[in-house]
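Going by our numbering, the residue at position 57 of the sequence shown is 42; the numbering climbs one at a time, nothing skipped.
Below is one structure; the comments refer to it alone.
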Amino acid sequence: MTRELNKKPEENVDTIESTYCDPNLTNYINSIVAYKFLYNDYLEDLSSEHAEIKIRAEKCWQDNVQSLEANIKTTFQKMIASKSKFIGDALHIFEHTIRDNKRIKLYG
């Protein structure tokens, strides 16, 4: 796709067969990355020999996990509501990164 400087910005965007990335997918991926990073950090700190590190890790995880899970679920639901063509990709990402159906239910 080539951009023409004399066209309005909206005329420079292909709307049919577009390969743009859905902003909801971007938010979804960012939420999953944040969740995975915090979870891995949490697990690493839990294996520490120092009790205070374990306590801090537990507090940090508990303080943030609900918000992260809500962000993942909300952005996924926004993708469904907007009929995003990336829903299948979002499910694949979920299944291969943080799949935890006991905690995060994407539907309902």
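C-beta: ideal position from N, C-alpha, C; glycine also.
Every value quoted in this text rests on a predicted model; they were computed, and no experiment measured them.
Among the options, which one has its Cα closest to the Cα of residue i?
i	options	result
N15	Y27, K39 and A55	A55
C45	I57, E34, N25 and T60	N25
L157	L10, K21, K68 and T11	The structure shown has nothing for residue 157, since the chain only spans -14 to 93.
F79	V50, E34 and I57	I57
Hey, would you say the C-beta of residue i is under 7 Å away from at least one heavy atom of the ligand MN?
i	result
V50	Absent from the structure shown: the ligand MN. Ligands present: none.
Just curious, the alpha helix (DSSP H) that residue i is in, first and last residue?
i	result
H77	I72 to E80
Since residue i and residue j should fall inside the 8 Å C-beta cutoff, what is the C-beta to C-beta distance between them, to a whole number of angstroms?
i	j	result
D7	F71	5 Å
A75	L10	6 Å
Can residue i and residue j be called in contact, C-beta distance under 8 Å?
i	j	result
Y13	M64	yes
I94	T82	No answer is possible for residue 94: it lies beyond the span of the chain, which begins at -14 and ends at 93.
Let me know the alpha helix (DSSP H) ranges lying completely inside the segment 24 to 51, each 4 residues or longer, listed in chain order.
none
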